[in-house]
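Input: a single structure, listed below in C-alpha cells.
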Amino acid sequence: MKRVHHRNHQEQKKCPSIIMMRLAGLCVFSTIILSVVFSLSLVLRDPPSDAVPISVPRWIDDKLLAGLLPAGFDETSCLSRYDSLINRKGLSAKPSSYLISRLRKYEALHRECGPYTQSYNKTVKDLRSGVPSQSSSAACKYLVWISYSGLGNRILTIASAFLYALLTNRVLLLDPGLDMTDLFCEPFPHASWFLPPDFPLRAQFHHLNQKSAHCYGKMIKDKSVTASFVYLHLAHDYDDQDKLFFCDEDQRFLDQVPWLLVRTDNYFVPSLFLMPSFEQELNQLFPNRETVFHFLARYLFHPTNRVWGLVIRYYEAYLANVDERVGIQIRVFDTGTGPFQHVLDQILACVFKENLLPDVNRKQATISSSGKPKSKAVLMTSLSSGYSEKVRDMYWEFPTTTGEAVGVFQPSHEGYQQTENQMHNQKAWAEMYLLSLTDVLVTSSWSTFGYVAQGLGGLKPWILYKPENRTAPDPPCQRAMSMEPCFHAPPFYDCKAKKGIDTGKLVPHVRHCEDMSWGLKLVHNYA
Ligand SMILES: Nc1nc2c(ncn2[C@@H]2O[C@H](COP(=O)(O)OP(=O)(O)OP(=O)(O)O)[C@@H](O)[C@H]2O)c(=O)[nH]1
Ligand SMILES: [Mg+2]
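The C-terminal position of the sequence shown is numbered 530 in the numbering used here, with every residue numbered one higher than the one before it.
The following block contains the structure:
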C-alpha cells in the first residue's frame, strides 16, 4: 500500500495546479483509476494474509537502494536489479553519501576507460609492445581479475578486487573464464566489466603462477622490478613476498603499473583496513565497517534473468507466504559421502538451543492449538539431499511443541561441486541468493557459499562449528559478530617493523573470525 501511495504522490506531482483545472481534474481522475487498478493487481497477485510480517523492510524502500544503484539501466534486460522482492528486504544500514559519490565516480571512470575505449586501446598497445610500466603514459590503469575457485569464493574476490580498484583508481575487468557469463548482470552503466576476448595476455592466464617472471613476489625475490604488467598472486598458498602487496611501500610501486592481474580465492578486504594509506578513505566510505561486503555485493551482483527465474519461482512457490523463513546452509568438508548423523545432530542441536525452530514432541500424536498456527519455511541448501529429508520427515512425523507448522525445502542436491558447469553454477548462485532472502540464517564454518548469503542478506548468521572427529561439537553453533565474510589467509606481518605480528589484535574493527581462529574479519562496535 505504501508503494501505491508513493505512486499517487508522484503522479499528482505531474499534474499542473490552478491554470489547467480541467486537465488537473482529468489527471486526478486517472490517478484514482490507476491506483484502483494497481491496488487490485497487487491484491490479486498477493492476497492479504493476517500474518504478521517478521522481516520489516530495514532501511530503504526505493528502487535504487538509497542511491547505491545507478539509474538508467534497461530494466527488462536485468529484472533482478530493481526488483521489489529484494528491495522489499531493504539494506541493513544506510550507505554513506561518500560511498555513493565514489561509486558514481567509478562508473564514469569505467565508461571512460572500459573495453575498446581510446584509453583502453592505447594502454593495450603499450602492453603489446612491452613498454615497461614506469615509462608508460597510460591514462587509465586496470586491475584484471582472473577467474579462479568455487563460485562463493569468486563472488568474494570480485568484491575485494573492486574495492581495491576503487581505492587505487583502477578499472576492474573480469576474465569471463568458462562460466562467468550468464550469472551476473553488468553492474556498470554503458560499459562492460568483462575483459575483451582479444586481450593480449588472455592465453597466459592459466600459466601465471608464483614462478612467473611477472609475479610480484618473484620480482621482489629476483630484485627485478620493471615489467609491462604485474601478476599478483593472492591465493591461499601465497608466500611472504606475495604478501608484501599489503604494505604501503609496495603499493607505491604497484601504483605505477598500468596492468595488474590478480588471482585470489580470498576475501582480502580486512587487510586493506590495516593499511595506513587506505585508512582515511575506507573510514569515509564505510563508517560502519561491517557493511562493506553487504553494500558491495548489493551493488555488484545482480542475477541474470535466467538465474532470477530460478530465484523468484522458488521463492514464490515455497517461501513467500509464510510467517518466517529460516535458511540452513550445510557444507560438509569431511571426506566420504553423507549424510552424516553427527552433522544432522549438530543442526538440530543448534536450531533448538537458539530457538530458531521448534522442537517436536515424539510422545504425542497431535497437539491441539487454537487458531491458525504460525508457519515457518526452512530453506536448506546442501550438495546432499539427506539432511533436509530427515528434518522434513521429523516435522511430518511428529507435532511441534509450539504448534507451529514447519515446511522444509531444498532446491537442489547436486552431489558434488561441478565448477565450470553452467547450470550447476546458476543453481548455486540462485541458492545463495535465496538464502539471503531468509529472516534467520544458519551457516557452516569455513564456507564462502554461506558468507555470500549472509552478506547479501545483511544477516548475522548462527555459525555451525566445524565438527572434529565426526562428532557434533558442543555448543553446536554461535552467533556471528558481524555479517562480514572471513579472510581465510591473512598476512601476519608488520610492514614498518618488518616482523611478524598478530594482525587480528591491532585495531578493534579487525578481529579473528568465529569459524577460523587465524582468519580476519571486519566488525562494527562489537564488544
Ligand atoms: N547448488 C549448490 N551448490 C553447492 C552447495 N554447496 C556447495 N556447492 C557447490 O560447490 C561449490 C563450492 O564452492 P564455494 O561456492 O566456494 O563454497 P565453499 O562452501 O566455500 O566450498 P569450497 O570452496 O569448496 O571450500 C559452489 O560454488 C557450488 O558449485 C549448495 O548448497 N548448493
Ligand atoms: Mg569456497
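Using N, Cα and C, we set each Cβ at its ideal position, and we do this for glycine too. From a predicted model like this one, the values you see are computed outputs, not experimental measurements.
Under the rule that a run must span 3 or more residues, the beta strand (DSSP E) segments found entirely inside the region 355-414 read 378-384, 408-412. Residue 515 is bridged by DSSP to 523.
In this structure, the alpha-carbon of residue 99 lies about 26 Å from that of residue 155.
Residue 132 and residue 118 have their alpha carbons spaced roughly 19 Å apart. An exposed status is given to residue 181, since fewer than 16 other beta-carbon atoms sit within 10 Å of its beta-carbon. Considering only 190, 354, 92, 174, the residue with the shortest C-alpha distance to residue 72 is 190. Here residue 335 is near residue 387, since their CB atoms are less than 9 Å apart.
Residue 92 sits buried, since 16 or more C-beta atoms from the chains shown fall within 10 Å of its C-beta. Here the alpha carbons of residue 200 and residue 212 stand approximately 21 Å from one another.
In the structure shown, residue 229 adopts coil according to DSSP, grouped into three states. Going by DSSP, residue 311 is part of the alpha helix (DSSP H) stretching over 308-317. For residue 67, the CB contacts under 7 Å within the same chain, skipping 5 residues up- and downstream, are 74 in chain order.
In this chain, the beta strand (DSSP E) harbouring residue 329 covers 327-332.
Applying a distance threshold of 6 Å between residue Cβ atoms and the heavy atoms of ligand 2 selects 153, 155, 156, 451, given in chain order. Beta-bridge analysis with DSSP links residue 235 to 265. Under the three-state reduction of DSSP output, residue 438 falls in the helix class.
The region 517-527 makes contact with the region 484-497: 3 or more CB pairs, one atom from each, lie closer than 8 Å.
Counting of Cβ neighbours within 10 angstroms places residue 510 among the exposed residues, the total staying below 16. Residue 454 and residue 269 have their C-alpha atoms roughly 12 Å apart. Taking each of 518, 272, 356, 107 in turn and checking the Cα distance to residue 192, the smallest one comes out for 107. Residue 168 sits buried, since 16 or more C-beta atoms from the chains shown fall within 10 Å of its C-beta. With a threshold of 8 Å, the Cβ atom of residue 430 counts as near ligand 1, since some heavy atom of the ligand is closer than that. Counting only residues of its own chain and dropping the five nearest sequence neighbours on each side, residue 474 has a CB closer than 6 Å to the CB of 345.
In the DSSP secondary-structure assignment, residue 502 is bridged to 497. According to the DSSP secondary-structure assignment, residue 218 is paired through a beta bridge with 234. With a cutoff of 9 Å on beta-carbon distance, residue 279 and residue 490 are scored as not near each other. Note on geometry: alpha-carbon atoms of residue 124 and residue 257 lie some 21 Å from one another. Using a Cβ-Cβ distance cut-off of 8 Å, the region 203-217 and the region 435-455 are not in contact, since fewer than three pairs of beta carbons, one from each stretch, lie closer than that value. Under the three-state reduction of DSSP output, residue 115 falls in the helix class. The alpha-carbon separation between residue 411 and residue 372 amounts to approximately 21 Å.
For residue 294, the three-state secondary structure derived from DSSP is helix. In chain order, 354, 359, 360, 379, 380, 381, 382, 441, 442, 443, 444, 445 place their CB closer than 8 Å to the CB of residue 329, counting only its own chain and leaving out the 5 sequence neighbours on each side. Closest by C-alpha distance to residue 458, out of 251, 303, 250, is 303. Residue 236 is positioned such that its CB atom lies no closer than 9 Å to that of residue 225. The beta carbon of residue 164 is closer than 7 Å to those of 146, 148, 175, 265 in its chain, skipping five residues each way along the sequence.
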